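Below is one structure, written out as structure tokens, with a few remarks after it.
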Amino acid sequence: MNIDISKTQSIRKVFGNTLAQVGELNPNVVVLDADLSCSTQTKIFADKFPERFFNCGIAEQNMIATAAGLATQGKIAFASTFAMFATGRTYDQIRNGVCYSDLDVKIVGTHGGVTVGEDGATHQALEDIALMREIPHMTVIVPADAKECEEVVKYASLHHGPMYIRLSRCNVPDIFDDNYHFNIHKARIVEDGSDLTIFTNGELLAECILASHGLKELGISARVVNVPVVKPIDKSTIIDCATQTKFLVTVENHSTTGGLGSAVCEVVCGNCPTKVYRIGIHDEFGQSGKSNELVEYYGLDSKSLIKRIQSMFKKEIN
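Residue numbers (the numbering used here): -15 to 302.
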């Protein structure tokens, strides 16, 4: 798969535009925000449907509780703020107010991971996926590009139940074309390979695709699998890759504890024990810096991934 990383677009803006589209189709769609609608881009919906938009102020717990209340009255509630606040400050309300009653609330956390950049550790959610996938009834999705984000938001508006959708702050390159169809049950192989498999999602999918191209030049055949749905995770694809390639690598803009890497490990340890290398943030807080600098610092860029995976490959074949 060829991608042009010089051409990018805002996944948050796509989220906002798609919200407005589904709002046009379904009058039961309502949107809530915690005084960050310009950053989350829910302002696009607010401008079009002011009577269905609720700015709850800097009161994220109240926002989730209000979303739950609206859902009990038949509304499809999208509640959005930064991922750090959407999951950390509101955990009790999400667990007991939304998920316990299996309400139709879609929590959209923008600004996930270290790519938040200069805002630093206090705003860089590295534990959000772990928190959300622990809760019964919750679905967890991390779109990789604009098209996938659009499809995910449309899916969320049409299917009942709590969902956590995590978006990045930074712009992302286009990976999927107009023929892409989101399937909640299936991960997607975007680059085939026979030596190892890389599982990833979000904005790091582009880096992993580029890394696979670089590894190919070194004689290493790396399969790349996009796993937008961390819960319920596609066990069959993971098991197939574990049996067809020598080892597995997970790459995520999240802590290596509790996120995609942990989910993959849980699948293989119970079905086909396989060596899994987890690449992400290792039990530490993020720090302030430009998003591209932090991606490189934590070894998540394509050049770093090539070196790290090449080292893993040499270790496994010796």
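Quick reminder that beta carbons are idealized off the backbone N, C-alpha and C, glycines included. Being a predicted model, the structure only gives us computed values, none of them experimental.
Taking a contact as a CB-CB distance under 8 Å, the pair V6 and A61 does not count as one, their CB atoms being some 12 Å apart. Within its own chain, the residues whose Cβ lies closer than 7 Å to the Cβ of Y282, once the five positions on either side in sequence are excluded, are V98, I265, listed in chain order. In this structure, the alpha-carbon of D176 lies about 6 Å from that of V208. Proximity to R73 across L284, A49, N163 peaks at A49, based on C-alpha coordinates. If you look at A61, you'll find it in the beta strand (DSSP E) that goes 60 to 66.
When C-beta atoms of the region 154 to 165 are compared with those of the region 137 to 144, fewer than three pairs fall below 8 Å, so the two segments do not count as touching.
Per DSSP, the continuous alpha helix (DSSP H) segment holding D112 begins and ends at 112 to 117.
Between S288 and D267, the CB-CB gap reaches or exceeds 8 Å.
According to the DSSP assignment, E201 belongs to the alpha helix (DSSP H) that extends over 188 to 201. CA-to-CA, the gap between I159 and D129 works out to about 6 Å. Looking at the DSSP output, I223 bridges to nothing. Separation of G104 and T24 (C-alpha to C-alpha, rounded to the nearest whole angstrom) is 18 Å. For E300, the closest C-alpha among the options L284, E201, Y261, Q271 is that of Y261. As a beta-bridge residue in DSSP terms, T184 pairs with N210, V235. When Cβ pairs closer than 8 Å are counted between the two stretches, the region 217 to 228 is seen not to touch the region 189 to 202, the count staying below three. Three or more Cβ pairs closer than 8 Å define a contact, and the region 209 to 217 meets that threshold against the region 113 to 133.
With contacts defined as CB atoms closer than 8 Å, T(-8) and N155 qualify as a contacting pair.
By the C-beta density criterion, K274 is exposed, having fewer than 16 other C-beta atoms within 10 angstroms. Going by DSSP, R262 is part of the beta strand (DSSP E) stretching over 260 to 265. Within the model, the alpha-carbon separation for R36 versus E102 is close to 33 Å.
Between A4 and K27, the C-beta spacing is not below 8 Å. Remark: three or more beta-carbon pairs, one from each stretch, lie closer than 8 Å, so the region 66 to 81 and the region 44 to 58 are flagged as touching.
In the DSSP annotation of this structure, the continuous segment of the beta strand (DSSP E) that includes V89 starts and ends at 89 to 94. Spatial neighbours of D112 in its own chain (CB-CB distance under 8 Å, excluding positions within 5 residues in sequence) are listed in chain order as A67, M68, A70, T71, G72, G93, G96, Y148, R150, H238. Within the same chain, Cβ atoms closer than 6 Å to the Cβ of E135 are found at F166, the five residues on either side in sequence being excluded.
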